[in-house]
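Enquirer:
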Amino acid sequence: MTRLPATVALMLLAVASPAPASTAGADSTAPAPVAPAAAKPAESPATAAALAAEFRRIDTNEDGRISSSEHEVYARKLFDELDADVDYKLTAAEIMAAPAKFFRHVSAGVGGVLGGTELTPAEKIQRIDANRDGVISRDEHADAARAKFQAMDANNNGELSELEFAAGG
Ligand SMILES: [Ca+2]
Ligand SMILES: [Ca+2]
Ligand SMILES: [Ca+2]
């Protein structure tokens, strides 16, 4: 009773063994290899249309430039949207409920660099958490948003053009 499944398993193992290189590709019934990279990206890149729409939301006086105060107001609004329990602090859980809303508009560390892909979200949060109490206060968020603004302001004229904003600092 137990021997048949064992035999079947051995046969399956033999079938599943890699074919010799000389016959590779001959077996048209083999399933195509699944590329892991084809899976849904963790954070889909913002489209140009979405960036343009966000730019218009931030540019409240509609002069085609984002001033530092317009950016500050927008960053505070994002903070309030993320702060689900309205305690004026962002926990990691609150941030990870809408990570794009948080990470797109903050920066920290040397030269305002947050570390694109080499840092985990938790490590990025640690960098912004200046007083190391495990949560992001409104002041800590405002500082990180200001650093992001300065990083995006490539020509240092104190405002963001649509191109600077799209480049994302
Ligand atoms: Ca403006
Ligand atoms: Ca909170
Ligand atoms: Ca903190």
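So the sequence shown is numbered by this note's numbering: it starts at 209 and just counts up by one.
Every residue, glycine too, gets a C-beta built ideally from N, C-alpha and C.
Please enumerate, following chain order, all residues with a beta carbon closer than 6 Å to at least one heavy atom belonging to ligand 1.
Expert: Checking every Cβ against the heavy atoms of ligand 1 under 6 Å gives D267, N269, D271, R273, I274, S275 and E278.
Enquirer: Between the Cα of D295 and those of L371, E270, I344 and N363, spot the shortest distance and give me the residue it belongs to.
Expert: The residue given as residue 295 occupies position 87 in the sequence shown. Residue I344 is the option with its Cα nearest to D295.
Enquirer: Output yes or no for whether 7 Å exceeds the beta carbon distance between E348 and I333.
Expert: Along the sequence shown, one-based indexing puts residue 348 at 140. Along the sequence shown, one-based indexing puts residue 333 at 125. Contact flag unset, no.
Enquirer: Go ahead and pull the three-state DSSP assignment for L368.
Expert: For the purposes of this step, residue 368 is identified with residue 160 of the sequence shown, where counting begins at 1. Here L368 sits in strand by DSSP.
Enquirer: Could you check the C-alpha separation between R273 and E262 for me, to the nearest Å?
Expert: The residue given as residue 273 occupies position 65 in the sequence shown. The residue given as residue 262 occupies position 54 in the sequence shown. If I take the Cα positions, the gap works out to 12 Å.
Enquirer: Below 8 Å, how does it come out for the stretch 289–304 and the stretch 360–372: are there three or more Cβ pairs, yes or no?
Expert: No, because fewer than three Cβ pairs between the stretch 289–304 and the stretch 360–372 fall closer than 8 Å, the two stretches do not touch.
Enquirer: Which residues bound the alpha helix (DSSP H) around A362?
Expert: The residue you call residue 362 lines up with position 154 of the sequence shown. Per DSSP, A362 belongs to no alpha helix (DSSP H) and is neither H nor E.
Enquirer: My guess is that G377 and S315 are in contact by the Cβ rule of under 8 Å, so how many angstroms apart are they, rounded?
Expert: Here residue 377 refers to the residue found at position 169 of the sequence shown. Here residue 315 refers to the residue found at position 107 of the sequence shown. So it is a contact: roughly 7 Å between Cβ atoms.
Enquirer: Can you check whether the CB of F311 is closer than 7 Å to the CB of L290?
Expert: On the sequence shown, position 82 is the one that residue 290 refers to. On the sequence shown, position 103 is the one that residue 311 refers to. No.
Enquirer: Report yes if the C-beta of K309 is less than 6 Å from at least one heavy atom of ligand 2; otherwise report no.
Expert: In the sequence shown, the residue the question calls residue 309 occupies position 101. Answer for K309: no, Cβ out of range of ligand 2.
Enquirer: Whole angstroms are fine: how far does the CA of K356 sit from the CA of D341?
Expert: Walking along the sequence shown from the start, residue 341 turns up at place 133. Walking along the sequence shown from the start, residue 356 turns up at place 148. Using only the alpha carbons, I get a separation of about 22 Å.
Enquirer: Quick check on this structure: which residue in A300, A258 and H279 has the alpha carbon closest to the alpha carbon of T268?
Expert: Here residue 268 corresponds to residue number 60 of the sequence shown, with the count starting at 1. Measuring from the Cα of T268, the nearest candidate turns out to be H279.
Enquirer: Between H313 and A338, what straight-line distance do the alpha-carbon atoms span, to the nearest angstrom?
Expert: Translated into the one-based positions of the sequence shown, residue 313 becomes position 105. Translated into the one-based positions of the sequence shown, residue 338 becomes position 130. Approximately 17 Å, taken between the alpha carbons.
Enquirer: Provide the residue span of the alpha helix (DSSP H) that contains A306, from first to last.
Expert: Taking the sequence shown and counting its residues from 1, one reaches residue 306 at position 98. Counting along the chain, A306 falls outside any alpha helix (DSSP H), and DSSP gives it neither H nor E.
Enquirer: In whole angstroms, what is the alpha-carbon distance linking A352 and R346?
Expert: Here residue 352 refers to the residue found at position 144 of the sequence shown. Here residue 346 refers to the residue found at position 138 of the sequence shown. One C-alpha to the other measures close to 10 Å.
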